[in-house]
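Numbering (full-length UniProt numbering), first residue to last: 1 to 1181. A virtual CB, placed ideally from N, CA and C, is assigned to each residue, including glycine.
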């Protein structure tokens, strides 16, 4: 695989040079990694990449060169260049500039570190240790210390007693570190573990071939990355993306991990400095690099497989890595137990390192500085060594690996036999051998694969899938070239969503590949006819009549019955939702409600109403566990979408899944259901004359498949909405949760002021989450630990089990589970695969993915006797099922908790990897309290790798997550948005500004200032530009005018939401002035992508946007000044059929007059607009 990590300026590169071989031995000419056995450490780095030609540097990488390029942004040989410049008489400052590649790394505003806070909290922790003879424990003890210290500091600074919300806000603001500029990117190429194992245990020939295969694969993948991602940005605001002359990089080969496990991999440190085709040095535009990361990783995987197959005849087999994960292809014949033992020492070192970090936090109250982290990582490595190990060569290491493998397999002969089985010898696929691959057939399979996973995709998605498909069908010849042909054909089979160029650019504005410089390379968007048809069918079904219709009398009776049974009165939204589902008479209807809004109560009334009308509700959900809960709560049959579709497809339909004209198919959590599944359910309903009801929330977690259709139906047809939130005991939390759901950063204040937000490293936050959950559970609360990943959920669950065993409430030892943990009597576990053959509750239920159980007993052969957490049914889980599909259940991922309600929740959220949908889902589970623990800081790795980045404060991180929208978008909506974006001023204005600025001839007025200055007249000329570019700029000016016309029409017609509540003019003489002012405001909003209903959006002061903000503000004031709420007499031309015109009609009439007059002025001049002159007069934006 290939991963990408940011390298920061300063010392961000040093973890690469620290691991170079002892004594800095020179790698001999032609000496490969496989030959490098007599040295301690790893071989020196080497310069790679075609961009190195621009600095005329080749060969071995030195520490000084890395420091110059990655530390300071200078020429790699800066020391020599500076010395030579000074020898010629240059002063030191000028000499440094001679060596600088482009601009210096940016300098960011200094972040004030609250050293007083850090010193005070360390002193408080020290005093606690003195008083109690132990450090404070995570949870209540540390929280109280932090609270007390914050209060004392704030009271001293404020001169009064601090308020609770001030303390909480102060604590959430701590931790922000100085931002560092990006110096480059570390691309790490690593084969699967079995390849490293083969390399470690094989003979000399095998080692050489494996190393050569890895070398060829990473170089092939990197060459492709260089070809595709070697771009930079030019112009104002980086409006244009242009070609660069390759990449500059330093490659470092590593044979093992710092923990001593075999881990063949190569770091390719790519500089952020690139040379444009004009010879100037600029920053790499890393948008493409990040976007193609998965495709590059799959290319490396495919190439390394192909190389090993050719060289050694090695075959690969797929291994599952659990639900929702891509399978991993490992070398056939390499024993899994050997791979696992080669990871055991790393796990031991990581555990020890985590303990050392936790000890430091408990004694000091904060994370250790980076230098201390490095020292602790070295200490962890030393403490886990078995005997003296200093200065181990690769030859010695290999003997250790063979000894470890022999202990697992039963002897050295067994190790050799395993290697021999994995390497049958040469005679793999040759240049012209292998399967005969049909490119069209493989391309069609690529499209089928991607369309099941996403509604839209880009070229990199197709390339990644093409690589996966090609390696499953070994063919002779150029495997990468074959994959590219397949991906290209897959593009042709897809439907492009973004429009072609509105105004095709001339040659000077095109990159070498023919693309416009105003597009991001590889950013095209595609979908398929199947996806678009499915979305259209679902939308049309919401407009089409069909299925059972329930009359009002039955619904009122049902509502009354539910209210009597529950003792709760349905709110207006719940009644509206139930009525919409029952009485709309539509083939499909949708309902949307936020978390805790009472969707289930409304559905209970709906289900009873259907039954009173002689119908039947069949409850469906994406998961079996959710379907069972829904069916139980509603008192109806519940099943998965997949099971219903599959049963009818096979023709084996049980009574519980029969469908007829009086059946209503109710799909819960419809936002998590894939569009293909929903389309299949609709087709089934249509076949029998039934109807479909979709219930969910598009602002919670989305489908893992192609999704976004629930929101599409709401946008195109409309859905019934629940507005009131009933879950939370504090009404203020209900209001804050709705703000968070809508992306309003103001919602963060509730959580900050009440001390609900913590931040720190992942290790520290795991500790805090567990401690808080433990405290809640011990006081009798129903609480849940929520994790963003399976690994974090496992860490939390393992800690919970460890403490239960230590307290005598759990069984020591136990059965090995699928996640590597153990479970014994009394443990809570979760089953992760549906198994209908394992029945419980007298046959009324079965083992489902997501079911939680308590272990009653375990057998020596690995079987578990378990009791269901919800209904109490018991059964015995077979040993094979336990080993492959059972995990500990003390913590759960965000996906598993959606739909859950508890007393309190404690959620671990990665501030960089999470969006607001995940955050919203996680912090709306608890009735009484929901806390979020943000990973805002990274620690140096246990292996010494420093991939840290400046930490953020919890407050800033929380607001950033709230602003990150990850909601699923349908292909239809994506297409509409792409066309809107293509016509927007946010796209058109920067493009023409850049073109005029870069291709102007001679001096002249500021480029295209006329649409930015509301007071400018129509005659302001554009500067003269290159003759190849001038026709394009003129056409762009016309497109901008057309866009402004369209935006003004939207305001006049009442279709602009931001202007609907503004007062409108009535006096005829005010209409035109109001309209021209509205044009300025609408243009400002479109230029700067303002989407809020506030006419001006957030207040701005700086730069061009600030200038436009003030101009738009003045125009908005004009709109207010020219408005009049009083009716005034109108003349005959201002009446229509004896009826007085409305303000909207007056605006439309004035708009038409304005257009006619401007057209007449143009005709009178008998000439097109002068260069740069807008096609209409009056104030412009």
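#1: Going by DSSP, name the residue or residues bridged to residue 663.
#2: Does the distance from the C-beta atom of residue 678 to that of residue 670 stay below 9 Å?
#3: Would you call the segment 659 to 668 in contact with the segment 533 to 553, where contact means no fewer than 3 C-beta pairs closer than 8 Å?
#4: Please classify residue 284 as buried or exposed, where buried requires at least 16 neighbouring CB atoms within 10 angstroms.
#5: Exposed or buried, which one is residue 1186 when buried takes at least 16 other CB atoms within 10 Å?
#6: Under 8 Å Cβ to Cβ from residue 88, same chain only, skipping five residues before and after it: list those, please.
#7: Residue 1023 and residue 1001 - do their beta-carbons sit closer together than 9 Å?
#8: Beta carbon of residue 887, beta carbon of residue 921: below 9 Å?
#9: Given a cut-off of 9 Å on the beta-carbon distance, is the pair residue 994 and residue 234 in contact?
#10: For residue 682, which residues from the same chain have a beta carbon less than 8 Å from its beta carbon, with the 5 sequence-adjacent residues on both sides left out?
#11: Using the Cα positions of residue 687 and residue 659, report the straight-line distance between them to the nearest angstrom.
#12: I need the boundaries of the alpha helix (DSSP H) containing residue 676, first residue and last residue.
#13: For the alpha helix (DSSP H) containing residue 263, list its first residue and its last residue.
#14: Determine which residues share a DSSP beta bridge with residue 592 and list them.
#15: Leaving out five residues on either side along the sequence, give the residues of the same chain with a beta carbon under 8 Å from the beta carbon of residue 453.
#16: Taking residue 955 as the reference, give the member of 470, 755, 307 with the closest Cα.
#17: At the level of alpha carbons, what is the spacing between residue 4 and residue 286?
#18: Label residue 961 either buried or exposed according to how many other C-beta atoms from any shown protein chain fall within 10 Å of its C-beta, with 16 as the threshold for buried.
#19: Can you name the start and end residues of the beta strand (DSSP E) that residue 184 belongs to?
#20: Would you kindly work out how many angstroms separate the C-alpha atoms of residue 980 and residue 180, rounded to a whole number?
#21: Less than 9 Å separating the beta-carbons of residue 415 and residue 405?
#22: Within 10 angstroms of its Cβ, does residue 685 collect 16 or more other Cβ (buried), or is it exposed?
#23: Let me know the secondary structure DSSP gives residue 403 once reduced to three states.
#24: If you drop the 5 nearest sequence neighbours on each side, which residues of the same chain put their C-beta closer than 7 Å to that of residue 653?
#25: Among the residues of its own chain, which have a CB less than 8 Å from the CB of residue 509, if the five just before and after it don't count?
#26: Examine the Cβ distances between the segment 115 to 130 and the segment 80 to 94 and report whether three or more of them are shorter than 8 Å.
#27: Start and end of the alpha helix (DSSP H) containing residue 218?
#28: Work out the CA separation of residue 188 and residue 2 for me, nearest whole Å.
#29: DSSP beta-bridge partners for residue 243?
#30: Give me, in chain order, the residues of the same chain whose beta-carbon lies closer than 7 Å to that of residue 296; leave out the 5 immediate sequence neighbours on both sides.
#31: Tell me whether the segment 576 to 585 and the segment 717 to 733 touch, counting them as touching only if at least three CB pairs, one residue from each stretch, are closer than 8 Å.
#32: Could you check what DSSP says for residue 1001 in three-state terms: helix, strand or coil?
#33: Where does the unbroken alpha helix (DSSP H) through residue 955 begin, and where does it stop?
#34: On a CA-only basis, which of 630, 611, 613 is nearest residue 620? Give me that one, please.
#35: Expressed to the nearest angstrom, what Euclidean distance is found between the alpha-carbon atoms of residue 10 and residue 1054?
#36: In the DSSP assignment, find the unbroken alpha helix (DSSP H) run with residue 757 in it and report its ends.
In brief:
#1: 616
#2: yes
#3: yes
#4: buried
#5: In the structure displayed, the chain extends from 1 to 1181; residue 1186 sits before or after that span and is not available.
#6: none
#7: yes
#8: no
#9: yes
#10: 537, 538, 541, 587, 588, 692
#11: 9 Å
#12: 675 to 688
#13: Premise fails: residue 263 lies in the beta strand (DSSP E), 262 to 271, not in any alpha helix (DSSP H).
#14: 696, 721
#15: 704, 705, 706
#16: 755
#17: 11 Å
#18: buried
#19: 182 to 189
#20: 36 Å
#21: yes
#22: buried
#23: helix
#24: 647
#25: 240, 516, 517, 518, 995, 1029, 1032
#26: no
#27: 204 to 229
#28: 5 Å
#29: 231
#30: 2, 221, 224, 225
#31: yes
#32: coil
#33: 954 to 962
#34: 630
#35: 55 Å
#36: Not the alpha helix (DSSP H): residue 757 falls in the beta strand (DSSP E), residues 757 to 761.
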